[in-house]
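S.K.: Numbering (the numbering used here), first residue to last: 16 to 97. This is the structure I have questions about; it appears just below.
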């Protein structure tokens, strides 16, 4: 049996930690979705709609947006030729 606690049963520090984690995940999701919207499809590994849907719908504790930034984007061509 899972021991579930209500919000009112959490300490002030636990509440604050959960709020910070939720805010950080929201920011990560927002930044990832903006990047998906602005980036051409040729620079994204896999369909844009699949990344956007999974990032939006699934609760991942920040893992999906971070995975997108690490593995979902292709390297941009070096325009300076350096």
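Glycine residues also receive a C-beta, built at the ideal position from the N, C-alpha and C atoms. Note that this is a predicted model, so its numbers are computed, not measured.
Would the stretch 18 to 32 and the stretch 43 to 63 be scored as touching if the rule is three or more Cβ pairs under 8 Å?
M.R.: Because the criterion of three Cβ pairs below 8 Å is not met, the stretch 18 to 32 and the stretch 43 to 63 do not touch.
S.K.: Report the option in 41, 90, 85 whose CA atom is closest to the CA atom of residue 73.
M.R.: The option with the nearest alpha carbon to residue 73 is 41.
S.K.: Under 7 Å Cβ to Cβ from residue 67, same chain only, skipping five residues before and after it: list those, please.
M.R.: 48, 51, listed in sequence order.
S.K.: Starting from the Cα of residue 86, find the closest Cα among 34, 59, 65 and give me that residue.
M.R.: With distances taken between Cα atoms, residue 86 lies closest to 59.
S.K.: To the nearest whole angstrom, what separates the beta carbons of residue 81 and residue 43, a pair I think is in contact under 8 Å?
M.R.: About 7 Å separates the two Cβ atoms, so the contact holds.
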